[in-house]
Amino acid sequence: MTPSCDVAVIGAGILGLAHAWSAAKRGLRVTLFERSPRAAGASIRNFGMVWPIGQPAGPPRETALLSRARWLELRDTFGLWVNECGSLHLAYREDELAVLEEFVSQEGGPTDALRLLSADEVLARSPAANPESLLGGLWSATELCVNPRTTIAHLPEHLQDRYNVDLQFHTPVTRVDGHKIIAGDGRTWHADRVVVCSGSDFETLFPEVFRNAPLTLCKLQMLRTAAQPDGWRIGPHLAGGLTLRHYTSFRDCPSLPALCDRIDRETPELNRYGIHVMASQNDAGQVILGDSHEYGEEISPFDKPEIDELILRELRRMIRLPDWTIAERWHGIYAKCTDGLVYESEPEPGIHVVVGPGGAGMTLSFGLAEQQWSRWAGPSRVEP
Ligand SMILES: Cc1cc2nc3c(=O)[nH]c(=O)nc-3n(C[C@H](O)[C@H](O)[C@H](O)COP(=O)(O)OP(=O)(O)OC[C@H]3O[C@@H](n4cnc5c(N)ncnc54)[C@H](O)[C@@H]3O)c2cc1C
Numbered sequence: 006m007t008p009s010c011d012v013a014v015i016g017a018g019i020l021g022l023a024h025a026w027s028a029a030k031r032g033l034r035v036t037l038f039e040r041s042p043r044a045a046g047a048s049i050r051n052f053g054m055v056w057p058i059g060q061p062a063g064p065p066r067e068t069a070l071l072s073r074a075r076w077l078e079l080r081d082t083f084g085l086w087v088n089e090c091g092s093l094h095l096a097y098r099e100d101e102l103a104v105l106e107e108f109v110s111q112e113g114g115p116t117d118a119l120r121l122l123s124a125d126e127v128l129a130r131s132p133a134a135n136p137e138s139l140l141g142g143l144w145s146a147t148e149l150c151v152n153p154r155t156t157i158a159h160l161p162e163h164l165q166d167r168y169n170v171d172l173q174f175h176t177p178v179t180r181v182d183g184h185k186i187i188a189g190d191g192r193t194w195h196a197d198r199v200v201v202c203s204g205s206d207f208e209t210l211f212p213e214v215f216r217n218a219p220l221t222l223c224k225l226q227m228l229r230t231a232a233q234p235d236g237w238r239i240g241p242h243l244a245g246g247l248t249l250r251h252y253t254s255f256r257d258c259p260s261l262p263a264l265c266d267r268i269d270r271e272t273p274e275l276n277r278y279g280i281h282v283m284a285s286q287n288d289a290g291q292v293i294l295g296d297s298h299e300y301g302e303e304i305s306p307f308d309k310p311e312i313d314e315l316i317l318r319e320l321r322r323m324i325r326l327p328d329w330t331i332a333e334r335w336h337g338i339y340a341k342c343t344d345g346l347v348y349e350s351e352p353e354p355g356i357h358v359v360v361g362p363g364g365a366g367m368t369l370s371f372g373l374a375e376q377q378w379s380r381w382a383g384p385s386r387v388e389p
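Residue numbers for the sequence shown follow the working numbering, so the first one is 6 and each next one is one higher.
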């Protein structure tokens, strides 16, 4: 007999896990398919930054904050490591400080959770901030640090234990035919609803949907240090002036164009590779460093050493670490929806393709999935 379930989720990256969790919390019988023995896509390769401050005020920020609440729920329910570290944008130039000031007033003025700090106040929060020429920084309390590798490895088991989610790992789904799911080895399942969260794979399932979809691929190079000595901690996530060009939340700040012009003039090599720099520290004390952005046709299977050098050059200007030993280098590729937070399509009734949260999948996925499941199946039931 063909096994059946209420919901089949295809892809066990963060977006697929979020959909599986939201469906399971509503009492639905969920089967989660993943082609690899362990998911190895964008979701295990990121900084682990849950970054609401990067989302513009309004629905995107609300989705990020809903996600944030879900991350805290995961910590409380399953004991996953989630650090309420907040973030600091460091300012070394007057134009950076100007954008940060404008951002705070655009957000309704300073509060304990969002305010400009003096250089001394910044240094009191992070021993990693380079004090030389430091003018101050923006403190935001909403950012979280999570560990992508352990989350993606362990959350499926927690969903299995708590909600009886059926895990079908090492199972590539090669076709979805109506409500029939067909695996590469010929096994089949029936599902009332199918959610395809296939990340950057636009070829295997529903290629016709992807052909004209507003989606692009983006490759990022990343590095990680060895664990820092003696329990040294970075404090909040750290970002700087380069990052203000990257997140749309700063787009309406009047001083941003001048800042972008100045960076173009002084360091055009950074724009060539879409480089802005950030640092986060995981529970093992390792500092994750990045990143670059190369899109579509520019993406090569091979990494560019000059990108790593530029990332490290910019980070060394901004932060100080007790140990800069680089223990790992890697790249990741994500799908990005170019006209929304995520791309959604329903090629057949009850069959949903949901991909492309771009550089914000850790920030948005739980919120996006929860909002989607509230529309499909109402609010989640109260947990015992
Ligand atoms: C280097 C890097 C740094 C980043 N930093 C951050 C950050 O700090 N904060 C943040 O919010 N976001 C960050 N992001 C973005 C975030 O990682 C992505 O948005 C997110 O991981 C996308 O999740 P996903 O589930 O859509 O895709 P993926 O994680 O790629 O998962 C897709 C899964 O589907 C599986 N799959 C595909 N096709 C099939 C099939 N036919 N059958 C079975 N399984 C299939 C794949 O094996 C894969 O495991 C970063 C991304 C990168 C690459």
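No residue lacks a Cβ here, since even glycine has one placed at the ideal position from N, Cα and C.
The Cβ atoms of Ser370 and Ile58 lie no closer than 8 Å to each other.
Between the alpha carbons of Tyr278 and Arg318 lies a gap of roughly 14 Å. By the criterion of at least three beta-carbon pairs nearer than 8 Å, the segment 147-158 is in contact with the segment 76-91. Taken from the Cβ of Thr209, at least one heavy atom of ligand 1 lies inside 7 Å.
Taking Asp117 as the centre and dropping the five residues before and after it, the same chain places the C-beta of Ala146 closer than 8 Å to its C-beta, in chain order.
DSSP places Lys309 outside both helix and strand once states are collapsed to three, so it counts as coil. Taken in chain order, the complete alpha helix (DSSP H) segments of 4 residues or longer contained in the segment 72-127 are 99-111. Note on Thr7: under 16 other CB atoms within 10 angstroms of its CB, so exposed under the neighbour-count rule.
For Met367, no beta strand (DSSP E) encloses it; the enclosing alpha helix (DSSP H) starts and ends at 366-382. Close CB contacts of Ala289 within its chain, under the 7 Å cut and outside five residues either way in sequence, are with Ala232 (chain order). For Val151, the enclosing beta strand (DSSP E) has its first and last residue at 149-151. Counting of Cβ neighbours within 10 angstroms places Arg380 among the exposed residues, the total staying below 16.
Take the alpha-carbon of Arg325 and the one of Ser123: they are about 18 Å apart.
Taking the Cα of Phe108 as reference, the smallest distance to any Cα among Ala62, Gly363, Glu333 is reached at Ala62. Within its own chain, the residues whose Cβ lies closer than 6 Å to the Cβ of Tyr300, once the five positions on either side in sequence are excluded, are Thr221, Cys223, listed in chain order.
Per DSSP, the unbroken beta strand (DSSP E) holding Asp182 starts and ends at 178-182. Counted as a single uninterrupted DSSP element, the stretch harbouring Phe215 is not any beta strand (DSSP E) but the alpha helix (DSSP H) occupying residues 212-216. Look at Gln165 here: in three-state DSSP terms it is helix. Remark: the C-beta of Ala196 is outside contact range of ligand 1, defined as less than 7 Å to any heavy atom.
Membership of Pro352 in the beta strand (DSSP E) is indicated by the continuous run 348-353.
Note that the segment 151-171 touches the segment 25-41; at least 3 beta-carbon pairs, one per stretch, sit closer than 8 Å.
Just measuring C-alpha positions, the residue of Gly364, Met367, Ala365, Val347 sitting nearest Gln377 is Val347.
Rounded to the nearest whole angstrom, the C-alpha separation of Leu93 and Thr193 is 49 Å. Where His336 is concerned, the enclosing beta strand (DSSP E) starts and stops at 331-342.
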